[in-house]
Amino acid sequence: MSDDGRIALSLTLNGQPLEVDVAPCDTLLDLLRDQLGLTGTKKGCDMGACGACTVLANGRRIKSCLALAAAYDGEAIITIEGIGTLEHPHPLQAAFIRHDALQCGYCTPGQILSGIALLEDKPRALAAISEGMSGNLCRCGAYPNIVAAIAELAGL
Amino acid sequence: MNPQSTPRWEAALKVTGQAVFPAEVQAEGLLHAVLVGAPIASGQVLSIDAAQARLTPGFADLVSYPEAEPLRASSVTALIREPVIYFPGQPVALVVAESLIAARAAAHAVRVTYEQQPAVSALDQVLDQAYAPAMAGRIPAASRRGDSETALADAYLVVRERYETAVNNHHPMEPHAVVCSWDGALVTVHTNTQAVFGTRAAIAHAFRMPLEDARVIARFLGGGFGCKGQLWWPWMMLAMLASRRTGRPVRLELTRAQLFTLAGRRQETVQDMALGFGVDGRLTAIEHHVLAQTSANAEYSDTTAGVSRWLYACPNVTTSHRLVRTNEPQPIPMRAPGVAPGTFALESALDEAAMRLGLDPVDLRARNYADHDQDAGRPWSSNNLLECYRVGAERFGWSRRPAPGTAIDGCWRIGWGMATTCYPAHRQPCRARVRLEADASLLVQCGTQDMGSGTYTVMGQMAAEALGVPMSRVTVELGDTLLPEGPFSGGSQVTASLSPAVAMATTALRGRLAAMAVADPESPLAGYKPEDLDFENGMIRARTSNVAEPLADLLARREPEGLEAEGSSDGPDREGQAFTGMGFGAVFVEVGVDPDLGETRVRRVCGAFAAGRILNPLLANSQYVGGLIGGIGMALHERTVTDRASGRILGDGFADYLIPTHADIPRFDIAMVEEHDPLLPGGVKGIGMLGTAGVQAAIANAVFHAVGKRVRHLPIRIEDLIGD
Amino acid sequence: MSGPAFGYCRAADAGDALIQGARPGAAFLAGGTDLMQLWKMGVATPDRVVDISRLPLSAVTADGSRLSIGALARLSDVAAHPLVSRDYPLIAQAILAGASGQIRNMATVGGNLLQRTRCPYFRTEDLACNKRMAGSGCGALAGQNRQSALFGASAACVATHVSDLAVALMALDARVEILGLGGPRRLGLSGFYRLPGDTPERETNLASGELITGVSVDSGDRFATRSTYLKVRDRASFEFAVVSVAAALQLEDGVIVDARLAAGGVAPMPWRLVRGEAALIGRRPDAPAFAAAGALAVEGAKPLAHNGFKIELLRRAVIRALETVTAQTAAAQTIGGDA
Ligand SMILES: Cc1cc2nc3c(=O)[nH]c(=O)nc-3n(C[C@H](O)[C@H](O)[C@H](O)COP(=O)(O)OP(=O)(O)OC[C@H]3O[C@@H](n4cnc5c(N)ncnc54)[C@H](O)[C@@H]3O)c2cc1C
Ligand code: SF4
Ligand code: FES
Ligand code: FES
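Chains as they are written, first to last, in the working numbering: chain D, 18 to 173; chain B, 23 to 746; chain U, 5 to 343.
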C-alpha cells in the first residue's frame, strides 16, 4: 500500500497485463467504469441484485459491484470489451443481435458475460438456462430472446 | 425472416459495450455529485451547515436553496428553490467533490436542521380529505353518460367490487444520470431523459437562457418507462448549478434506492367498480370510481377509469377519480399508465360477471364490443378487437379450456384466464431530416431519443424502404437537441409521430431524384415519367422496363454534395375531432398455482394485438413481450412498501422490490392482427403500452380459474392464496 | 449512503488474520457480497477490512463419515463438489436455491453463515432498529413485518436469519470450526447462533476477531437419498425464502428412525423443528405422520401483523418437503435403489 493509502494491483484485463492503483474501498466496477473508462460494464444497482455489472474473474462470472478491487489482485478479468468487437463479435453477441435479445441494451453486457459463463456449464434444458440466468435482470423484458440466443449456442 | 424484421440498428454497439450511455460520457476534470436527502417526511429546512463538509478531503462545492434561488420559479424548480420538505428522502443539497467517495463523505458531514411537521404516510390515513382533480391524465377526471344509478337498480345482474393496486416503481436498469459542463453561457447536458427538447426547454426557462444556449444529448437510454422526465429535472439542475459555480463538469447519478423516491412511481389505486348487465349479458351500466395517491407538492392522476368509458358498449357510464395527498413521492405515468390498473379492475369484474352469467369470458366481451367510441361519440379510426379475440382464442386453444379447478400438473393447479387490453394512439409534432450522401448511403436524423423501443431501427427502416437503400447503408442519429425536433418518448407515440415526418422527407427526396433522373440526358432513365420510377436496392428503376440506374451514379453526376430534405408532421389536433385512434388486444394466460404453498407462476401467454401497421415485426414482438413481462411483474411481484411510522420506503433495492427474473418468464405467443388504418397518418398506432395492460387481469382471472380464489388486489402473493 | 472509506490488508495466513482481525474496527472480508452491501448502505463501517479470501481454507474433504468444508470455500464450488452433490445433496440443493450464479461464485460458506438479516429496517439508514443501533427501537415490530420471525424473537428484535445453506446445515447438526488467538474451538450450529433477547446486535457466539475456519457434518450421508430443501418464494428464482424447509429422513424397515427438520425465514437463526421431528420417529412415512409433524412444527409460533400466513405456510411446507423426500425414496426403489 502506498502512502496515500492507494493499493497497487496487477491484473490481466481482457488479456492484457495491467498495473493500476486503486483506493481500498473501490470496487472492481468502480475501477473499470470510473478509472479505466471501460463503461461497457454497467451499474444497475450497485448492490449485487441486478447482474448488469457481471464480469469474468479467472473465468468465473461475478458481480463486480460487490467485488472489492484490491481482493482481485493478480486475477484475470474479462469485461464485455474483451469478448468481441464490432467487426468480430463473439458468437453469443452475434446470437443476441439475431434473436433481438436486447432492447435498451443496458443489461446486455452483463447478460452476455453471464451467458458465456453459463454455457461453460453446458446447460441441457431451457429451464436450466432460465434458472442459471436469473441473476441478470432485464427491465425491458428481453428475457425470452436472451434465453433463445443462449439456447442456440448450447445446441438446444 | 420477414424482410422488415431487420435487426436492431444499434444492436452491435450495445452487445459490444460500445454504446455510450449519458453517465459514461468522459469529461476532463469531472467532479462527482451526491445528493443530501432529508430524513423527515414533512417540514421546513431551518439550516444547512456545510462547515464540516468543506473540510473533508476532495470537497469542491455545495449547492442548496440559496444557490438555486436565482433560478426562475416554476413547478420544476420549486423543490430546489423552496426549503420545504414534502416527502422523506427529498434532496436538500448537492455536494460535489473530486471522487464519488469524497462526495459521499462530504455529504455525510453536512448538518441539516429541520422543523418537522405532521406527515401523512399512507392514503388510508386521510380518506376524508380525498378530492376530485380536474384532469385524470389527458382527460377530464369525471364523466357521465346516461344514468348508471337507475340502470344498476334495474340490472339483471350487478357485480359490485373493490379492486386495489399497489405502488410500483419504474426501475429502468439504467439509473438517472447527468454529465454537464458549461462553456461560458453555453451548457452541454448529457442526460438520460425521455424528452431532450422538454429538458432543454426546462433548462432554458430555469436558467433564463435562450434555448440555443443549452444542448441536451441522450444518445442511448437504458430504459425509461415514464420516469426519465420532469421529476428528474430538479436534481439534474442542482448538478448544473454546481458545474456552473465550479467551472468544471459534474456528474450526478441516482442510486437505485433514489429511484424509489426521486423519479416517480405508479400511483396506488383503490377502485370501486359496479357493472350492471341485462339478461343477454349486455352491459347496461358501468360505475368506476378511483381513489389514488398523489404527493403533497403536486397533483397527478392516471387515467385509470378511462377504459370503462370507451372499451365496451354501454349506455350508462359514470366514472370519477379522486386523489389523496400524502407525504410520499410524486406519482407519474408508468408503463400503460391508467390502463394497466384500470383494466385490472374492469376486466376482473367482467370475469366475475361471466361466471355468474354462465357465459364464456370471451363471448361476454364480444357481446359488449363497442363499434364506435361511445365516450367521445365518434368512430374508431379502426378497431379489430373482435379479430383479436378470435385469433388469440384460437392460438391459445381457448375452446379446450378445462372446467375450473380440474387441470392439474403435479403440485400445480392450472388455470386459464383472459382479458382485453387497449391503449390510445397518441402522436406529437415531429421533424426529421433525411440525407442521401453522394455514395447513396443514408443519414436519418431526428432529435427524439430511443429508450430501447427501437426508434433507431424503425426510423432508419422507414427511410431506407422509401428510398430503396439497404439498412447496412443507413446511419441514424437521435437524441440531441441540435437535430430536428422530435417528440418525447412516452405513450407509445414516437413511431407514430416520426412516420409521417420521415415519409414527407423521403417523398420529397424521391420526387427530386426522380425528376433529376428523367431530366438528365446522361441517365438511362432520361425521358421516363417520374411516377413510373421505383427505388430499390440502391437503384432507381423504371417500372415499365428493366432500365435502372444506381442512385450513387445519379448523385455523383448531379448532386455530388448529397441531397437532403426535412419532413414534419403536426400533432393530432387538426383531425383529432373526427375519430378516435386506439390499439386493442386480447391476452390469454395460463398460470400454475400451488394451492398448498401459494406460489403462482405464469406458464403461457398468448397476446393478439391490433395496432395499425407494424413496421418491424421482430422488434414489435419484443415490445409486446416486454410489455407483457412488465404486466406480469405488476400482477405478481411489484410492490413498493412504505413504513407508516417514518414514511420511508422500505427495501429500496432489487433484492426487495421484486421484478420478474428469467425463471419467471412463460412461453409467449404474439399474434399481430393485420390492421390497415386509413385514417391515422402512416397507419401507425403505438404498441409498447398495449402489451403492458390487460395481462394483470388475465392472470387474476386465471388464478381464479385454477383455485377458485378471487384476488382483487395486486400483486397477488402467497398470502392471498393459502388462507381459506 | 456508503460508510466512510476503509483501509485494506490481506491476511498472509490464519495467524496473521487473527492478529489483524483483533484490531478495533477491523472486519474480515471473504467474498465480500454481504459486507460490501452493508458498507454501501452505511450499516457496516469498518476502519479496515482484512481480506481472508485467499487463506487456504477452501477444501471440501471427507474423513470417515465426517464431511468438512472450509470456511472460504465458494458456495458454487461446494455445491458442485462430488462429495457434496453425491452424499450431501441437501447442502447442494440449499446452496443452489440461494442468490444467483455470480454471487455463489463469490460468496463463501463462512460469510454465508454470518450474513446479516434482510430486515429492511436494519438495511435502511436512520430507521429505528435495535440490531443496527442499540436502543433505537424495533421498526419492524409494529411496522412492516411480513418477513419477520415466528419463533425465537424478542420484543427488541423480530428479524429472521435468511441463509439457505445454514438451514440445511442446521438439519444436519453441523458444527462450526472456530479459530481464535486462544486456539481452535468448535460449536454446534445451534450453539453458534444466539437469539436476540435484549442484545439483537449480537447474532452469534463468535467472539470479535475470531475466525471461522470451516464447518463439519458427522454422518450426514445417511440422509443422502432422503432429503430435500424446499424454498417457497414470491418469484421463481433469485429471492430470499419467504419460508424454507430442510427435511431429511432415515428409514429402517419402512419406519422412520431419524428425522431432521429445519426451517428458514421464520426465526432469528435457522430453526430446528424438534417437535415436528419427534412426531415422525417410529412412524411410517405416511400422510398422517407428516400431518402430525407439520402441526407440531408450528406449535408455539407467534405471529405479527403481516407474517401470520407463514404459520400455515410453514406447516404445509413441512408436509410438502416430507412428501418430496418419500417420493424420492419411492423413485429410488422403483429404479432399484436402496430401500
Ligand atoms: C442479491 C443477493 C441475493 C442473495 N440471495 C441469497 C439467498 O437467496 N440465500 C442465501 O443464503 N444468501 C443469499 N445472499 C447472501 C449471500 O449468500 C451472502 O452475501 C454470502 O453468502 C456472504 O458470503 P461472503 O463470503 O461474500 O461474505 P462476506 O460479505 O465477505 O462476509 C460476511 C460477514 O461475515 C464475516 N466473515 C466472512 N467470513 C468469515 C470467516 N471465515 N470468519 C469470520 N468472519 C467471517 C465478514 O466479516 C462479514 O461480517 C444473497 C446476496 C445478494 C447480494
Ligand atoms: S426486527 Fe431486528 S433488525 Fe428488524 S428493525 Fe427490529 S431490531 Fe432491527
Ligand atoms: S450493479 Fe452489480 S448487480 Fe447490479
Ligand atoms: S434490454 Fe433494457 S434492461 Fe435489458
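C-beta atoms are modelled at their ideal positions from N, C-alpha and C, and glycine is treated no differently.
Does any CB atom of chain B fall closer than 7 Å to the CB of residue i?
{"i": "Gln120/D", "result": "yes"}
{"i": "Arg120/U", "result": "no"}
{"i": "Ser6/U", "result": "yes"}
{"i": "Ala66/D", "result": "yes"}
Of the choices the options, whose alpha-carbon is the least far from that of residue i?
{"i": "Ser96/B", "options": "Gly482/B, Gly648/B, Asn319/B", "result": "Asn319/B"}
{"i": "Gln315/B", "options": "Ala188/B, Ala367/B, Gly513/B", "result": "Ala188/B"}
{"i": "Thr43/D", "options": "Gln24/U, Trp43/U, Ala84/U", "result": "Here residue 43/D turns out to be Asp, not Thr, going by the sequence shown. Among Gln24/U, Trp43/U, Ala84/U, the Cα nearest to that of Asp43/D is on Trp43/U."}
{"i": "Leu33/U", "options": "Pro50/U, Ala144/U, Trp275/U", "result": "Pro50/U"}
{"i": "Phe299/B", "options": "Ser170/B, Gln515/B, Glu741/B, Val98/B", "result": "Ser170/B"}
{"i": "Tyr12/U", "options": "Ala87/D, Thr29/D, Gly149/D", "result": "Ala87/D"}
{"i": "Pro682/B", "options": "Gly708/B, Ala100/B, Pro451/B, Gly655/B", "result": "Gly655/B"}
{"i": "Gly745/B", "options": "His735/B, Leu736/B, Lys731/B, Thr291/B", "result": "Lys731/B"}
{"i": "Asn134/U", "options": "Val246/U, Cys123/U, Ala160/U", "result": "Ala160/U"}
{"i": "Val261/U", "options": "Val53/U, Leu169/U, Ala283/U", "result": "Ala283/U"}
{"i": "Val201/B", "options": "Glu234/B, Arg270/B, Leu637/B", "result": "Arg270/B"}
In chain B, what lies closer than 8 Å to residue i by C-beta?
{"i": "Gly143/U", "result": "Asp665, Ala667, Ser668"}
For residue i, decide whether its Cβ has a neighbour in chain D, counting only Cβ atoms nearer than 7 Å.
{"i": "Ala677/B", "result": "yes"}
{"i": "Ser104/U", "result": "yes"}
{"i": "Asn4/U", "result": "In the structure displayed, chain U extends from 5 to 343; residue 4/U sits before or after that span and is not available."}
{"i": "His735/B", "result": "no"}
{"i": "Thr328/U", "result": "no"}
{"i": "Ala21/U", "result": "no"}
{"i": "Val496/B", "result": "no"}
With 7 Å set as the bound, which would you pick, yes or no: does the beta-carbon of residue i sit closer than that to a beta-carbon of chain U?
{"i": "Ile62/B", "result": "no"}
{"i": "Ala728/B", "result": "no"}
{"i": "Glu741/B", "result": "yes"}
{"i": "Arg126/B", "result": "yes"}
Report the neighbours of residue i on chain B: residues whose CB is nearer than 7 Å to its CB, in chain order.
{"i": "Gln3/U", "result": "No answer is possible for residue 3/U: the residues shown for chain U start at 5 and end at 343."}
{"i": "Glu169/D", "result": "Those within 7 Å of Glu169/D in chain B number zero; the least Cβ separation is about 14 Å."}
{"i": "Arg239/U", "result": "His659, Leu680, Pro682, Thr683, Asp686"}
How about residue i and residue j: do their beta carbons lie closer than 7 Å?
{"i": "Met526/B", "j": "Gly589/B", "result": "yes"}
{"i": "Gly224/U", "j": "Leu176/U", "result": "yes"}
{"i": "Phe227/U", "j": "Ala252/U", "result": "yes"}
{"i": "Gly245/B", "j": "Gln216/B", "result": "no"}
{"i": "Val166/U", "j": "Arg122/U", "result": "yes"}
{"i": "Gly437/B", "j": "Ala63/B", "result": "no"}
{"i": "Val259/U", "j": "Arg136/U", "result": "no"}
{"i": "Cys628/B", "j": "Phe418/B", "result": "yes"}
{"i": "Ala90/B", "j": "Ile102/B", "result": "yes"}
Under 9 Å between beta-carbons, which chain B residues line up against residue i? List them in chain order, please.
{"i": "Arg320/U", "result": "Asp618, Leu619, Gly620, Ile744"}
{"i": "Thr37/U", "result": "Simply none; closest approach about 11 Å."}
Since residue i meets chain D, which of its residues come closer than 8 Å, beta carbon to beta carbon?
{"i": "Pro105/B", "result": "Going along chain D, no residue has its Cβ under 8 Å from Pro105/B, so there is no contact; the nearest lies around 29 Å."}
{"i": "Thr213/B", "result": "Correct list: empty, because the minimum Cβ distance to chain D is about 15 Å."}
So with CB distances below 8 Å, who are the chain U contacts of residue i?
{"i": "Thr283/B", "result": "Within 8 Å Cβ-Cβ: nothing; Thr283/B doesn't reach chain U, min ~12 Å."}
{"i": "Thr56/D", "result": "In chain order: nothing, as chain U lies at least about 19 Å away."}
Below 7 Å on C-beta distance, what does residue i contact in chain D?
{"i": "Pro353/B", "result": "Per Cβ cutoff of 7 Å: no residues; Pro353/B is ~19 Å from chain D at best."}
Checklist entry - Hey, is the segment 352-364 of chain B in contact with the segment 696-707 of chain B, meaning 3+ C-beta pairs nearer than 8 Å? => result no
Checklist entry - Contact between the segment 288-308 of chain B and the segment 320-337 of chain B: three or more CB pairs below 8 Å? => result yes
Checklist entry - With contact counted as at least three CB pairs below 8 Å, one residue from each stretch, are the segment 152-166 of chain B and the segment 319-331 of chain B in contact? => result yes
Checklist entry - Counting pairs of beta carbons, one from the segment 198-214 of chain U and one from the segment 307-314 of chain U, are three or more of them closer than 8 Å? => result no
Checklist entry - Are the segment 272-279 of chain U and the segment 710-721 of chain B in contact at 8 Å, needing three or more beta carbon pairs? => result no
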